[in-house]
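What follows is a short report on a single structure.
This is the structure we're talking about:
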């Protein structure tokens with residue numbers, strides 16, 4: 035049953051290498067998170083950090099190297115070569131290692147075990163989810179549907195795709211990054227994010243709420259209410275996956 039499902043849904047549609055990228059990404063992210071927790075706990079039998087003299091080599095370095103090697107190899111080999119599958123796994127492993135230190139790249143300093151370091155876990159989870167959506171057959175903005183229609187119907191579909199794209203753009207401008215990216219695959223979610231009030235610190239709020247204090251106040255109240263409701267749950271999830279930040283002092 036599972037073998038037939040895998041063959042018909044993954045191999046036959048040509049999604050095997052994407053599946054391998056996803057597996058590599060998940061494996062490397064989980065492995066490196068276990069590793070850094072063991073190092074943090076000073077487990078004696080676990081290998082420590084990689085160093086070159088006094089220089090601590092972050093695992094993002096190995097991730098970048100893996101992605102470069104996999105990318106060059108994938109373009110250098112034939113499509114039918116089984117080495118393409120190896121390159122896909124290697125690229126996924128490299129991606130997981132790089133995304134796990136996304137916060138370091140963003141801040142250009144080691145913030146791994148700080149509050150800012152939680153961004154790495156958020157981005158990695160989001161990347162895994164978006165890859166899962168593509169693997170499951172979801173198409174960003176439904177861009178492949180227009181070719182299935184003719185004449186007037188095609189223009190209607192193109193119009194819907196345009197509206198979908200605009201809703202995603204508005205959602206991102208309103209500061210709803212995670213939901214906006216997921217909305218790339220689900221038009222109703224993108225529309226809901228575009229219609230609702232923007233986050234008070236977002237580019238949209240700075241541009242359109244600056245001379246509308248009542249609307250800005252509404253946005254601030256709603257944002258505070260949503261944070262009070264959902265932020266504790268979000269932080270618990272991030273800490274469960276990635277480990278809690280170090281306490282100051």
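In this note's numbering, the protein residues as written are 35 to 283. Even glycine gets a Cβ: it sits at the ideal position worked out from N, Cα and C.
* Would the beta-carbon of residue 97 fall within 7 Å of that of residue 128? -> For the 7 Å CB-CB criterion, residue 97 and residue 128 form a contact.
* What's the C-alpha gap between residue 275 and residue 67? -> Whole-angstrom Cα-Cα distance: 8 Å.
* Endpoints, alpha helix (DSSP H) assigned at residue 245 -> Looking at the DSSP string, residue 245 is not in any alpha helix (DSSP H), and its letter there is neither H nor E.
* Buried versus exposed call for residue 110 [16 or more other C-beta atoms within 10 Å across all chains shown] -> Under this definition residue 110 is an exposed residue.
* Would you list the residues sitting across from residue 89 in a DSSP beta bridge? => Looking at the DSSP output, residue 89 shares a beta bridge with 86.
* Leaving out five residues before and five after residue 225 in sequence, what residues of the same chain have Cβ atoms less than 7 Å from its Cβ? -> Within the same chain, residue 225 has close Cβ partners 201.
* Buried or exposed: where does residue 86 fall if 16 or more other Cβ atoms within 10 Å of its Cβ makes it buried? -> Exposed.
* Kindly indicate which residue of 42, 40, 56 has the alpha-carbon position closest to the one of residue 168. => Nearest C-alpha to residue 168 among 42, 40, 56: 56.
* Asked: Roughly how many angstroms lie between the CA atoms of residue 268 and residue 133, to the nearest whole one?
  -> Here the alpha carbon of residue 268 sits roughly 19 Å from the alpha carbon of residue 133.
* To do: Assign residue 94 to buried or exposed, taking buried as 16 or more other Cβ atoms, counted over all protein chains shown, within 10 Å of its Cβ.
  => Around the beta carbon of residue 94, 16 or more other beta carbons sit within 10 angstroms, so the residue counts as buried.
* Asked: With 16 other CB atoms within 10 Å as the buried threshold, where does residue 51 fall?
  -> Flag for residue 51 reads buried.
* Under 7 Å Cβ to Cβ from residue 273, same chain only, skipping five residues before and after it: list those, please. => Hits under 7 Å: none found.
* Own chain partners of residue 84 with C-beta closer than 7 Å, once the 5 adjacent residues on each side are dropped -> 91, listed in sequence order.
* If you draw a straight line from the alpha carbon of residue 40 to that of residue 49, how long is it in whole angstroms? -> Between residue 40 and residue 49, the C-alpha separation is close to 10 Å.
* Can you tell me which of the three DSSP states residue 160 falls into? => Reduced to three states, the DSSP call for residue 160 is helix.
* Alpha-carbon spacing of residue 284 relative to residue 217, whole angstroms -> No answer is possible for residue 284: it lies beyond the span of the chain, which begins at 35 and ends at 283.
* Unbroken stretches of the alpha helix (DSSP H), 4 residues or longer, contained in the segment 38-101 -> Those alpha helix (DSSP H) runs which fall completely within the segment 38-101 and span 4+ residues are 50-74.
* With 16 other Cβ atoms within 10 Å as the buried cut-off, status of residue 198 -> Sixteen is the threshold: when 16 or more other Cβ atoms of the shown chains lie within 10 Å of the Cβ of residue 198, as they do, the residue is buried.
* **Under 7 Å between C-beta atoms of residue 333 and residue 247** => Nothing can be reported for residue 333: it is not among the residues displayed for the chain, which extend from 35 to 283.
* Proximity of residue 100 and residue 124 at Cβ, strictly below 7 Å -> Yes, Cβ-Cβ distance for residue 100 and residue 124 is below 7 Å.
* C-beta neighbour in chain D for residue 190, strict 7 Å -> Note that chain D does not occur in the displayed structure, where there is just one protein chain.
* C-alpha distance - residue 89 paired with residue 113, whole-angstrom precision -> The straight-line gap from Cα to Cα measures roughly 40 Å.
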